[in-house]
Amino acid sequence: MKYLTNTKQASAKAGMAAQLPSREMPVDQPSIITQTCEEKLLLLKQALQNMEMSWLSLAEQNQILRTMQLWGIANSSEMHHSLS
Numbered sequence: 727m728k729y730l731t732n733t734k735q736a737s738a739k740a741g742m743a744a745q746l747p748s749r750e751m752p753v754d755q756p757s758i759i760t761q762t763c764e765e766k767l768l769l770l771k772q773a774l775q776n777m778e779m780s781w782l783s784l785a786e787q788n789q790i791l792r793t794m795q796l797w798g799i800a801n802s803s804e805m806h807h808s809l810s
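For my numbering, count along the sequence shown from 1 and bump the result up by 726.
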């Protein structure tokens with residue numbers, strides 16, 4: 727990280743924004759992105775399971791459930807339980 731800090735300082739002194747090539751990003755960046763996506767999917771899953779769906783038509787409810795299954799954030803038994 728010291729190299730990145732020095733590069734940013736040098737760029738700032740030169741009056742330019744630091745534009746670092748992607749290969750110089752920290753190695754753990756992809757895992758951070760994956761973790762964030764998984765957290766968002768979990769929050770989405772919880773929100774959808776807690777959502778009041780009685781105002782939706784049966785076809786709309788089924789489309790939501792199929793979409794959740796397609797995205798891998800719900801399985802059939804889990805969703806039948808949450809709708810009952």
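Where a beta carbon is used, it is the ideal one built from N, C-alpha and C, also for glycine.
**Asked** In three-state terms, what does DSSP make of I759?
**Response** If DSSP states are grouped into helix, strand and coil, I759 belongs with the helices.
**Asked** Within this structure, are the beta carbons of L769 and I799 separated by less than 7 Å?
**Response** no
**N-terminal and C-terminal residue of the alpha helix (DSSP H) that L796 is part of** = 784-796
**Item:** Cβ-based neighbour list, Q787, same chain, cut-off 6 Å, excluding 5 preceding and 5 following
**Value:** Its chain contains M779 as the residues whose beta carbon lies nearer than 6 Å to that of Q787, once the 5 sequence neighbours on both sides are disregarded; these appear in chain order.
**Message:** If you reduce the DSSP assignment to three classes, tell me which class E811 lands in.
**Reply:** This structure gives no information on residue 811, because the portion of the chain shown stretches from 727 to 810.
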